[in-house]
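Letter by letter, the sequence shown follows residues -22 to -1, 1 to 52 of mature numbering (1 follows the signal peptide of the UniProt record, and there is no 0).
Just so you know, even glycine gets a beta-carbon here, dropped at the ideal spot from N, CA and C.
This structure is a prediction, so every number in the text was calculated from the model and none was measured.
To start, the structure itself, in structure tokens.
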Amino acid sequence: MNRNSFLAATASLPLFILLAGCAPMHDTRQSLTQQTPSSHVDSSLPAALKNGWPDSQWWKAYHDAQLDALIDNA
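In structure tokens, the structure reads:
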């Protein structure tokens, strides 16, 4: 193998690696079944209606001075 053919082979190696990444991969994943919305969505009342509205000063429960200052500035 002479120098020119070695350089050509070395230069084409990244191209072959990239092309291998584009090759179709059939049957490599399990077929996914689509779930119906009713199987994973809670159809009961929203939490706001069940638990009531939050307090008018809900942020005070966090005891955070920075949050208090942000609310005061707003």
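I'd like the span of the alpha helix (DSSP H) that includes residue i, first residue to last.
i        : result
Asn(-19) : Arg(-20) to Gly(-2)
Gln44    : Ala43 to Asn51
Flag residue i as yes if its beta-carbon sits less than 8 Å from any beta-carbon of chain D, otherwise no.
i     : result
Asp46 : Absent from the structure is chain D; it holds one protein chain and no more.
So residue i and residue j are in contact, right, with Cβ under 8 Å, and what is the actual spacing, rounded?
i     : j     : result
Asp46 : Trp37 : 7 Å
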